[in-house]
Amino acid sequence: MPVAAVLIYLLINQRRSGRVEKKIVKAKETGSHEPFSVHPYIDPAKCIGSGACVKACPEKDILGLSGGKGRLINASQCIGHGACAAACPVGAITLVFGTETRGVDIPFLTPEFETNVKGVFIVGELGGMGLIKNAITQGVEAVEYIAERIKEGRRDRQAYDVVIAGAGPAGLGASLAAIEHGLNFLTIEQNDIGGTVLQYPRRKIVMTSPVDIPMYGKVKLKETSKEALLDLWMDIVKKTDLKIRTGEKLTGISQADGALSVTTSAGQYMSRCVVLAVGRRGTPRKLGVPGEDLPKVAYRLLDPDQHSNEHILVVGGGDSAVEAAIALSGNGNRVTLSYRGEAFARIKPANRARLDGAVANGSVKVIYNSNVTEILDKKVRLAAPQGAVDLDNDFVYIFAGGELPNEFLKSIGIRIERKYGKA
Ligand SMILES: Cc1cc2nc3c(=O)[nH]c(=O)nc-3n(C[C@H](O)[C@H](O)[C@H](O)COP(=O)(O)OP(=O)(O)OC[C@H]3O[C@@H](n4cnc5c(N)ncnc54)[C@H](O)[C@@H]3O)c2cc1C
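In our numbering, the protein residues as written are 26 to 448.
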């Protein structure tokens with residue numbers, strides 16, 4: 026009997042390992058195996074294969090067990106909860122930035138979140154530390170430090186005390202702390218209030234820890250939904266009368282007369298300090314066509330499984346567009362990939378092979394030399410070589426490149442450090 030039990034155990038393990046290895050192969054093909062930023066490093070010499078990390082991770086398919094060891098599957102989806110490291114009974118997991126071969130750029134910051142450019146602070150995910158609670162807390166701490174510095178110095182009525190860029194968790198935390206400390210501040214946001222949370226898939230479960238919100242009090246959420254979290258933020262904004270200029274983008278910062286000159290898409294301001302709470306996702310390039318502001322238009326694909334039996338247009342000619350089109354095919358979806366060029370010249374060979382397969386089996390249709398001209402509620406209009414083409418449409422995903430925040434940081438002289446698998 027014990028022998029039979031051992032055999033069954035081995036068989037179950039072997040099957041589980043097989044499933045995990047298949048997921049790793051798929052993640053490598055789609056590019057989601059390579060971590061972008063923070064992720065767990067599992068020391069194989071220490072790992073005893075308890076599986077505690079896999080159970081503890083609140084996200085899906087980032088870790089798995091194979092061959093009696095913890096393995097990374099979709100490392101790029103890691104958002105740094107750190108629950109895996111805390112759960113590991115033998116301390117085999119460390120959270121690291123980047124890998125030995127793929128560096129991750131993190132701005133140099135003092136413990137008070139100030140960059141090497143005096144008066145310019147970075148909080149939240151842009152500084153390398155993800156998660157909602159961390160972002161809020163860093164925003165609050167940076168502004169508390171700024172308030173202390175301003176108290177000590179001479180107050181300039183011609184300039185803001187602080188301009189805060191970004192209204193995600195970090196920018197909201199910073200702005201509320203600015204109200205609490207009576208600062209003369211301005212908050213701008215290029216899109217809408219909420220930050221990356223706005224981009225989560227519908228009804229996504231959000232894990233967060235209790236956090237103290239200035240002017241509002243302790244919020245004891247542990248597990249909530251995207252929608253409930255956004256409702257809570259709107260309630261906070263309303264009750265604290267926080268004013269945020271949405272649709273205004275920060276475009277430059279320079280030194281001027283002992284203060285900072287801040288340029289945005291709407292004007293120019295003088296400020297003693299600037300808090301950059303702009304996240305790491307950058308500014309996606311828009312097509313600039315009518316209807317692009319409809320809620321069915323997105324610039325990232327977070328959860329392909331939320332789509333079934335839908336008409337979806339993917340726009341772009343790089344790996345991201347091709348990977349999204351492939352990930353969306355199946356599930357009864359009708360996927361069209363629109364590209365303005367005449368061939369996919371820049372994509373990885375594996376993506377090319379998979380796209381060819383998807384086109385051959387009819388699960389993705391490609392329209393080359395085409396441009397979107399209008400997005401309507403239930404349709405999308407393309408200009409194609411054969412003339413105007415109207416397609417039935419429920420969702421549009423646009424992958425037309427964009428600006429990364431690190432390029433902006435470098436342009437204003439902020440020092441960036443490249444981390445290769447550093448804790
Ligand atoms: C799919 C997914 C699921 C996640 N789930 C969780 C979870 O369950 N729990 C958790 O704690 N964390 C989760 N996270 C991580 C969490 O969302 C981020 O760590 C957090 O949003 C970071 O906050 P932030 O304020 O630093 O940046 P962001 O939330 O990215 O906000 C940055 C804001 O700055 C704006 N901005 C950018 N550039 C400019 C500019 N030039 N001018 C003006 N505004 C600008 C952006 O439009 C954006 O609104 C998840 C992340 C993802 C992608």
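Here a beta-carbon is modelled for each residue, glycine too, at the ideal position from N, C-alpha and C.
Inset, instruction - Verify whether the separation of the beta carbon atoms of residue 328 and residue 376 is less than 8 Å. - result: no
Legend entry - Bounding residues of the alpha helix (DSSP H) (the contiguous stretch that carries residue 433): 430-436
Inset, instruction - State the DSSP-derived secondary structure class of residue 221, mapped to helix, strand or coil. - result: helix
Inset, instruction - Put residue 152 into one of helix, strand or coil per three-state DSSP. - result: helix
Inset, instruction - Specify, as a first and last residue, the run of the alpha helix (DSSP H) that residue 194 falls within. - result: 194-205
Legend entry - residue 286, DSSP secondary structure in three states: strand
Inset, instruction - Write down every uninterrupted run of the beta strand (DSSP E) in the region 73-142 whose length is 3 residues or greater and which is fully enclosed by it, in chain order. - result: 88-91, 94-97, 118-122 and 129-132
Legend entry - Beta-bridge partners of residue 420, as assigned by DSSP: 337
Inset, instruction - Compute every distance between the C-beta of residue 214 and the non-hydrogen atoms of ligand 1, then say whether any falls below 7 Å. - result: yes
Legend entry - Contact test: residue 211 Cβ vs ligand 1 heavy atom, cutoff 7 Å: no
Inset, instruction - Give the DSSP-derived three-state secondary structure of residue 38 in the structure shown. - result: helix
Inset, instruction - Let me know if residue 10 comes out buried or exposed under the rule of 16 or more other beta-carbons within 10 Å of its beta-carbon. - result: The first residue shown for the chain is 26 and the last is 448, placing residue 10 beyond what the model contains.
Inset, instruction - Please find out if some non-hydrogen atom of ligand 1 comes closer than 7 Å to the beta-carbon of residue 110. - result: no
Inset, instruction - Work out the CA separation of residue 35 and residue 113 for me, nearest whole Å. - result: 22 Å
Legend entry - Own chain, CB closer than 7 Å to residue 122, minus 5 neighbours either side, in chain order: 62, 63, 129, 131, 153, 444 and 447
Legend entry - Beta-carbon gap between residue 364 and residue 342 smaller than 8 Å: yes
Legend entry - Given 8 Å, three or more beta-carbon pairs between the region 205-222 and the region 177-194: yes
Inset, instruction - Return the chain-ordered ranges of every beta strand (DSSP E) run that is complete within the region 244-325 and spans a minimum of 3 residues. - result: 248-250, 275-281, 284-289 and 293-301
Legend entry - ligand 1 heavy atom lying under 7 Å from the CB of residue 225: yes
Inset, instruction - Using three-state DSSP, classify residue 355 as helix, strand or coil. - result: coil
Inset, instruction - Kindly give me the distance between the Cβ atoms of residue 160 and residue 150, rounded to whole angstroms, as I take these residues to be in contact under 8 Å. - result: 6 Å
Legend entry - residue 367, DSSP secondary structure in three states: coil
Inset, instruction - Grab me the residues of residue 244's own chain with a C-beta within less than 6 Å of its C-beta, minus the 5 sequence neighbours each way, in chain order. - result: 236 and 238
Legend entry - Identity of the residue in 274, 270, 295 and 289 nearest residue 281 by Cα: 295
Legend entry - Backbone secondary structure at residue 410 - three-state DSSP: coil
Legend entry - residue 126 classed as buried or exposed, judged by whether at least 16 other C-beta atoms fall within 10 angstroms: exposed
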